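Engineer: Let me begin by handing over the structure; questions about it come next.
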Amino acid sequence: MHLSGACLCGSIGYEIELDGAEVADYCHCRECQRWGGAPVQAWVQVAPGGFRLTRGAARPFASSAQATRWFCPGCGSPLYMTDSAGASVGVTLGTLDTPAAVQPNVHGWVCEQISWFDISDALPRYAQAPPYDA
Ligand SMILES: [Zn+2]
Ligand SMILES: [Zn+2]
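Going by the numbering used here, the sequence shown opens with residue 12, and the numbers climb by one from there.
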C-alpha cells in the first residue's frame, strides 16, 4: 500500500510503502503527549526503505539518546521519528493524506496514559514500548 502525507502548511511531503503487517500504535508516553500537545500520538512503524520525503526538509529534535523526532519548522506539525538503530521510521497517522487508511493495532506506554482518556477497544496493551519491529 502506497500512501502520502504532509504537514499542516504543506511545505513538507512524504510517501510511505506498507505491506500491511506494520505495527500501528497509539503511544501514550509523556514525550508523545508533549510533542503533539495531545493525549495520545498514533503512529505507523515503517521499514526505513519504505519512507521518503517528497518535498521540503523536516527539522530534527533528539528527544532521547535513541530517538529523533522530525517536525515542520514552518507550522510545527509532528511528522516522523527515527531511531539510532535505524530499525524503523515512525510516521504520525494524523499527517497522512488518508489517515483512515491505517488503523492502529496496539497501545503502547499505557503506564503513562492520561486517566480521563478512555480506551475501550480490545487491542493489545503494553505497559511500555510495544514490539515495534516484530
Ligand atoms: Zn508545515
Ligand atoms: Zn511515545
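For each residue, glycine too, the CB sits at the ideal point set by N, CA and C.
Keep in mind the model is a prediction, meaning the values are calculated, not measured.
Is residue 88 near ligand 1 - that is, is its Cβ less than 7 Å away from at least one heavy atom of it?
Structural biologist: Correct: residue 88 has its Cβ closer than 7 Å to ligand 1.
Engineer: Please work out which residues of its chain come closer than 6 Å, Cβ to Cβ, to residue 62, disregarding the five sequence neighbours upstream and downstream, and give them in chain order.
Structural biologist: Once the five neighbours on either side are set aside, the close Cβ partners of residue 62 are 27 and 100.
Engineer: Taking any heavy atom of ligand 2 as the mark, which residues have a C-beta closer than 5 Å to it, listed down the chain?
Structural biologist: 38, 40 and 43
Engineer: Taking the beta carbon of residue 90 as the centre, do at least 16 other beta carbons fall within 10 Å, making it buried, or is it exposed?
Structural biologist: buried
Engineer: Is it right to say residue 82 is buried, meaning 16 or more other beta carbons lie within 10 angstroms of its own, or is it exposed?
Structural biologist: buried
Engineer: My assumption, with CB atoms under 8 Å, is that residue 55 sits in contact with residue 104. Please give the rounded CB distance.
Structural biologist: 6 Å
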